[in-house]
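Residue numbers (this note's numbering): 2 to 77.
These notes are about the structure you will find just below.
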């Protein structure tokens, strides 16, 4: 039996990818957006500061759950 991919919705020809840069304790966070056409990068934004709540929400969208309370307790 041969398996073939059937999820055609996952294939995108043009998309924007966000690169999030953070300190270990999330005290400083920055984002840069990259534009891709097919497999080729065709553009990039400047690097912008991002507040801690927005950074944590962006990571949660891709399944990375951050417990800020725990991070701040370990820091203290």
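The beta-carbon is built from N, C-alpha and C at its ideal position, and this holds for glycine as well.
Quick caveat, the model's predicted, so the values are computed rather than measured.
Problem set entry | Simplified DSSP state of residue 72, which is helix, strand or coil | Here residue 72 is taken as the residue at index 71 of the chain shown, counted from 1. The answer is helix: DSSP assigns residue 72 an H, G or I state.
Problem set entry | Alpha carbon of residue 135 to alpha carbon of residue 30, nearest angstrom | The shown model of the chain, from 2 to 77, leaves out residue 135, and the question about it has no answer.
For this session: Please go through the same chain and pick out, in chain order, the residues whose beta-carbon is closer than 6 Å to the beta-carbon of residue 37, but skip the five residues on each side of it.
Result: Along the chain shown, read from residue 1 onward, the residue named residue 37 stands at position 36. Cβ neighbours of residue 37 within its own chain (closer than 6 Å, five residues either side excluded): 16.
Problem set entry | CB contact flag (residue 34, residue 23, <8 Å) | Locating residue 34 in the chain shown gives position 33, counting from the first residue. Locating residue 23 in the chain shown gives position 22, counting from the first residue. No. Outside cutoff.
Problem set entry | Terminal residues of the beta strand (DSSP E) in which residue 48 lies | Taking the first residue of the chain shown as 1, we reach residue 48 at position 47. Where residue 48 is concerned, there is no enclosing beta strand (DSSP E), given that its DSSP letter is neither H nor E.
For this session: Enumerate in chain order the residues of its own chain whose CB-to-CB distance from residue 20 is below 6 Å, with the five nearest sequence positions on each side excluded.
Result: For the purposes of this step, residue 20 is identified with residue 19 of the chain shown, where counting begins at 1. Within the same chain, and ignoring the five residues on either side of residue 20 in sequence, the residues whose Cβ sits closer than 6 Å to its Cβ are 33.
For this session: Classify residue 51 as buried or exposed, calling it buried when 16 or more other Cβ atoms lie within 10 Å of its own Cβ.
Result: Residue numbering aside, residue 51 sits at position 50 when the chain shown is read from its first letter. Buried, by the Cβ-count rule.
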